[in-house]
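Chemist:
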Amino acid sequence: MIPKESRNELALDTFIKAHPHLLEEMKELSAEDRQQQILWAFEDEAESRGLEAWELALQLIARSPEELKAMRLEVHQEVAEALEMSWEEYCGFNDIAV
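Numbered according to my numbering, the sequence shown spans residues 721 to 818.
#1: Determine, using beta carbons only, whether residue 771 and residue 731 come nearer to each other than 7 angstroms.
#2: Which residue's Cα is closest to the Cα of residue 721: 807, 799 and 794?
#3: Give me, in chain order, the residues of the same chain whose beta-carbon lies closer than 7 angstroms to that of residue 787; leave out the 5 immediate sequence neighbours on both sides.
#4: Closest to residue 727 by C-alpha separation, out of 746, 761, 783 and 810, would be which residue?
#5: Below 8 angstroms on the Cβ atoms is my contact criterion, and I expect residue 778 with residue 769 to pass it. Report the Cβ-Cβ distance as a whole number of Å.
#6: Buried or exposed for residue 776, going by 16 or more other Cβ atoms inside 10 Å?
#7: Would you mind sorting residue 813 into buried or exposed? The rule is 16 or more other CB atoms within 10 Å of its CB.
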């Protein structure tokens, strides 16, 4: 599975490679401004698909449906821990079948 710390960067890289016209449109911007514009375009794409940005990121980088499922569950488990909810309660509240 792809390490958590590499996922966002890999997803943004995959996204921009699929949308090379964006780089052309941003060629006059500074590197920092380009990165911000790419991030906004990525978030807009996720929203247009009815997804959260983190879920689009996982969809772009997962190498199999099984890996996508495992990474989604991992993210949900982290959220449950951050909310100090039991895994069972979190799954029930979010309609997640494990």
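Where a beta carbon is used, it is the ideal one built from N, C-alpha and C, also for glycine. Quick caveat: nothing in here was measured; it's all calculated off a predicted structure.
Modeler: Per the coordinate set shown:
#1: On the sequence shown, position 51 is the one that residue 771 refers to. On the sequence shown, position 11 is the one that residue 731 refers to. For residue 771 and residue 731, no; Cβs fall outside 7 angstroms.
#2: As a working mapping, residue 721 is identified with position 1 in the sequence shown. Checked all of 807, 799 and 794; the closest Cα to residue 721 is 794.
#3: As a first step, residue 787 is located in the sequence shown; it is residue number 67 there, counting from the start. Listed in chain order, the non-local C-beta contacts of residue 787 below 7 angstroms within the same chain comprise 721, local neighbours out to five positions each way being set aside.
#4: If you number the sequence shown from 1, residue 727 lands on position 7. For residue 727, the closest C-alpha among the options 746, 761, 783 and 810 is that of 783.
#5: As a working mapping, residue 778 is identified with position 58 in the sequence shown. As a working mapping, residue 769 is identified with position 49 in the sequence shown. Between residue 769 and residue 778 the Cβ distance is about 12 angstroms, and since that is not below 8 angstroms, they are no contact.
#6: Start at 1 with the first residue of the sequence shown, and residue 776 comes out as number 56. Residue 776 should be labelled buried.
#7: Working through the sequence shown from its first residue, we reach residue 813 at position 93. By the neighbour-count definition (other C-beta atoms within 10 Å, threshold 16), residue 813 is an exposed residue.
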